[in-house]
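Protein chains in written order, with my numbering: chain A, 10 to 182; chain B, 2 to 417.
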C-alpha cells in the first residue's frame with residue numbers, strides 16, 4: 010500500500026525512514042573519567058606476595074583486607090617494607106569491586122611505593138577522589154582504599170611488634 | 002575459530018525493549034499524516050479511516066490471543082494494563098466496602114512479579130485488601146499447587162505473570178487458570194514477556210485478564226493491550242480514568258491510533274513468525290550458554306533450565322562484581338542483576354526472591370536475544386564475557402581465596 014505524505018514533513022519522514030541507520034554509540038565510557046578508565050583497563054601492581062597462608066606469615070609484608078562481598082567491594086592491599094630503609098619497596102593489590110574501586114586501589118599502590126610508613130599513613134581518600142575525579146556516588150571507593158592502606162600498615166606493625174595507632178589510642182585511655 | 006567482528010554495540014536486551022520492525026513503522030506512517038483522524042469522529046472520512054485502522058489492529062491482536070475483538074482494550078502499555086486489571090478487578094469484586102473495617106478481599110500474587118504488578122497490589126494492601134505474595138523456589142516457577150495452598154474463602158483475584166522478565170521462567174498459567182475458574186476467582190496474568198513470543202490462547206488457558214505491551218514484540222512504545230474476558234464469566238472492571246468513555250468505558254481518552262496500528266501489525270507479524278523465531282533464538286541461546294559455561298567455572302544459569310522463554314538467559318558469575326563486569330563488556334547492551342548505578346547497592350529482588358545470594362545476584366547478567374540477533378553477535382558476546390570474567394577474576398582477591406580452598410562465608414569481613 011503506497012502512502013501519500015503530506016508536504017515536506019511527510020517527505021522528510023519517508024526520507025529518514027528510507028535511510029534509517031543505526032549510528033554507533035557515542036562515548037561508551039561517558040559515565041567515568043579517563044583516569045578511572047585507564048586504571049581499570051590497565052591496573053597497576055596487581056597481585057600478591059604469596060598465598061593467603063604465606064602472606065599471613067611474612068613479617069616484611071603488611072596485608073589489608075577490607076570490605077565485604079555482599080557490599081560489592083573487597084580490597085586486598087599489600088605493602089612490602091624494605092628492612093634497611095623502612096620504606097615501602099613494593100605494593101600490590103587485588104580488588105573485587107566496581108571500576109572506581111579497582112582504580113582507587115590501583116592508584117593507591119602507585120602512591121605507596123617509595124613512601125615511608127608515616128607518609129603512607131598520611132594518604133587521604135580526598136586525594137584519591139581528586140586524582141581520579143571520582144563521581145560523588147563512588148567516594149566510598151576512595152574511603153575503602155584509605156582503609157586498606159591503614160589496615161596494611163596496622164598488619165605490618167603488629168607483625169613486627171611496633172605499637173599501632175589503635176594500641177596507642179587504647180593506651181592513652 | 003574467530004568470527005568476524007559484528008557491528009558494535011550489540012543489543013542483547015530485548016526483554017527490556019525491542020526495536021520496531023520496519024514493517025510496523027511502515028504500517029504506522031499513514032496514521033501520522035494522511036489518516037490522522039480521531040476514531041471518535043463518527044461523521045467524516047478522517048474519523049472513519051482512523052477507526053478502520055484501530056479495528057484492523059484489534060482484529061490482529063485478537064487473532065494472536067485467540068479471543069474476540071470486543072475483548073481487546075488498548076492501553077498505554079503493560080504497566081497501565083496491569084494497574085487497570087488488578088485495581089479495576091479488586092475494586093469491582095471487593096467483598097466488603099472501604100471503611101467497613103472488614104477485609105475488602107484477598108489477592109494472590111508472587112514476590113518476583115514486575116513492579117507494575119507488585120506496587121498496585123501493595124497499594125491495595127494499604128487500602129484494606131489482603132495480599133499473599135507467593136515465594137517460588139530456586140527454579141523460579143509458580144505452580145498451581147502453590148496458588149491452591151494460598152487460596153481462601155475471600156480470595157477475589159489471582160495475578161501471576163506468564164513468564165518472568167529477569168529469568169524467563171514460565172509459570173503454570175493454564176493450571177492456575179483452571180484452579181481459579183473452579184473457584185470463581187478472577188485470574189489476571191502479566192504476559193508482557195510472553196505475548197508475541199509464545200502461542201497464546203486465552204480461552205484454552207483459562208485466563209480472565211491478560212496484559213501486554215507493544216514494545217516487547219517489535220511494536221512501538223507507549224501502547225499495549227488488555228484482554229478482558231466477555232463470557233464465562235463476563236469480567237467487569239472499575240476504570241482508572243474517567244472521560245469520553247472510549248474502549249467500552251474501560252479506558253477513556255483519545256486512542257493512540259498510530260501506536261495501536263503498530264501494535265496490531267506487530268501482533269500480525271508475531272503470529273506468523275514467532276514459532277520460527279523461538280526455534281532459532283533457543284538454538285542461539287544454547288550456543289551462548291554452552292560456550293560460557295563450558296569455559297568458565299563457578300557460573301550458574303538462574304531459574305528453571307527447560308521451563309523458560311527461548312530468548313532470555315540469566316547467568317551469575319562468582320567472584321566478580323557486577324558493575325565492573327558491565328564495564329568490561331560495554332560493547333554489549335544487556336542488563337545487570339545489580340542496580341548499583343545509584344549509591345545504594347540493591348541486587349535484583351527477583352534473583353534474591355529465588356534464593357540467589359547477594360554476591361551472585363550482583364554479578365548476574367540478563368542477556369535477551371531478539372529477531373535480528375546473529376550467530377556472529379552471539380559468538381562475539383560469549384568471547385567478550387569469558388575474557389571479561391577471566392580478567393576480573395585475575396584481579397579478584399575472592400577468586401584467589403576460593404582457589405586456595407578458603408570458605409568465603411566463614412571469613413570475618415570488615416563491613417563498612
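Built from N, CA and C at the ideal position, the CB exists for glycine as well. This structure is a prediction, so every number in the text was calculated from the model and none was measured.
For residue i and residue j, which I take to be in contact (beta-carbon distance under 8 Å), what is that distance rounded to the nearest angstrom?
i: residue 236 of chain B; j: residue 229 of chain B; result: 5 Å
i: residue 124 of chain A; j: residue 396 of chain B; result: 23 Å between Cβ atoms; not a contact.
i: residue 16 of chain B; j: residue 194 of chain B; result: 6 Å
i: residue 143 of chain B; j: residue 172 of chain B; result: 4 Å
i: residue 65 of chain B; j: residue 197 of chain B; result: 7 Å
i: residue 352 of chain B; j: residue 371 of chain B; result: Wrong, their Cβ atoms sit about 22 Å apart, outside the cutoff.
i: residue 154 of chain A; j: residue 126 of chain A; result: Not quite, the Cβ-Cβ distance comes to about 17 Å (not below 8 Å), so this is no contact.
i: residue 113 of chain B; j: residue 160 of chain B; result: Contact doesn't hold; Cβ gap of about 13 Å is too wide.
i: residue 116 of chain A; j: residue 97 of chain A; result: Residue 116 of chain A to residue 97 of chain A, Cβ: 15 Å. No contact.
i: residue 118 of chain B; j: residue 83 of chain B; result: 5 Å
Is it buried or exposed for residue i, if we count other Cβ within 10 angstroms and need 16 for buried?
i: residue 161 of chain A; result: buried
i: residue 245 of chain B; result: exposed
i: residue 72 of chain A; result: buried
i: residue 44 of chain B; result: exposed
i: residue 171 of chain A; result: exposed
i: residue 89 of chain A; result: buried
i: residue 86 of chain A; result: buried
i: residue 309 of chain B; result: buried
i: residue 61 of chain B; result: buried
i: residue 252 of chain B; result: buried
i: residue 20 of chain A; result: Summary for residue 20 of chain A: the model assigns pLDDT 46, below 50, so the residue's position carries little reliability, and this model does not support an answer.
i: residue 31 of chain A; result: Confidence at residue 31 of chain A is low in this model, with a pLDDT of 40, below 50, so the placement of that residue is unreliable and no value is reported for it.
i: residue 139 of chain B; result: exposed
i: residue 94 of chain A; result: exposed
i: residue 101 of chain A; result: buried
i: residue 255 of chain B; result: exposed
i: residue 8 of chain B; result: exposed
i: residue 58 of chain B; result: buried
i: residue 266 of chain B; result: buried
i: residue 399 of chain B; result: buried
i: residue 410 of chain B; result: exposed
i: residue 54 of chain A; result: buried
i: residue 284 of chain B; result: exposed
i: residue 323 of chain B; result: buried
Does any residue of chain B bring its CB to less than 8 Å from the CB of residue i?
i: residue 162 of chain A; result: no
i: residue 71 of chain A; result: no
i: residue 173 of chain A; result: no
i: residue 129 of chain A; result: no
i: residue 119 of chain A; result: no
i: residue 76 of chain A; result: yes
i: residue 63 of chain A; result: no
i: residue 137 of chain A; result: no
i: residue 57 of chain A; result: yes
i: residue 167 of chain A; result: no
i: residue 89 of chain A; result: no
i: residue 36 of chain A; result: Any reading at residue 36 of chain A needs caution, since the residue's pLDDT is 41, under 50, leaving its predicted position unreliable; the model's value is listed next. Not an interface residue.
i: residue 52 of chain A; result: yes
i: residue 111 of chain A; result: yes
i: residue 79 of chain A; result: yes
Taking only beta-carbon atoms, is residue i less than 8 Å away from chain A?
i: residue 318 of chain B; result: no
i: residue 349 of chain B; result: no
i: residue 253 of chain B; result: no
i: residue 7 of chain B; result: no
i: residue 195 of chain B; result: no
i: residue 402 of chain B; result: yes
i: residue 324 of chain B; result: yes
i: residue 14 of chain B; result: no
i: residue 408 of chain B; result: no
i: residue 398 of chain B; result: yes
i: residue 384 of chain B; result: no
i: residue 18 of chain B; result: no
Sorry if obvious, but does the Cβ on residue i come closer than 7 Å to a heavy atom of the ligand GTP?
i: residue 112 of chain B; result: The ligand GTP is not part of the structure shown, which contains no ligands of any sort.
Give me the DSSP bridge partner(s) of residue i.
i: residue 302 of chain B; result: B:316
i: residue 196 of chain B; result: B:199
i: residue 187 of chain B; result: B:158
i: residue 168 of chain A; result: Looking at the DSSP assignment, residue 168 of chain A forms no beta bridge with any residue, so it has no partner.
Say whether the segment 352-363 of chain B touches the segment 301-320 of chain B, bearing in mind that this needs 3 or more beta-carbon pairs closer than 8 Å, one atom from each stretch.
-> yes
Are the segment 257-266 of chain B and the segment 206-221 of chain B in contact at 8 Å, needing three or more beta carbon pairs?
-> yes
Do the segment 144-164 of chain A and the segment 105-112 of chain A meet, that is, are 3 or more Cβ pairs less than 8 Å apart?
-> yes
The segment 268-282 of chain B in contact with the segment 68-86 of chain B per 3-pair CB rule at 8 Å | no
Can you find at least 3 beta carbon pairs, one from the segment 289-296 of chain B and one from the segment 82-91 of chain B, that sit closer than 8 Å?
-> no
If you pair each beta-carbon of the segment 146-156 of chain B with each one of the segment 125-138 of chain B, do three or more pairs fall below 8 Å?
-> yes
Taking one C-beta from the segment 10-26 of chain B and one from the segment 209-218 of chain B each time, how about it: are there three or more such pairs within less than 8 Å?
-> yes
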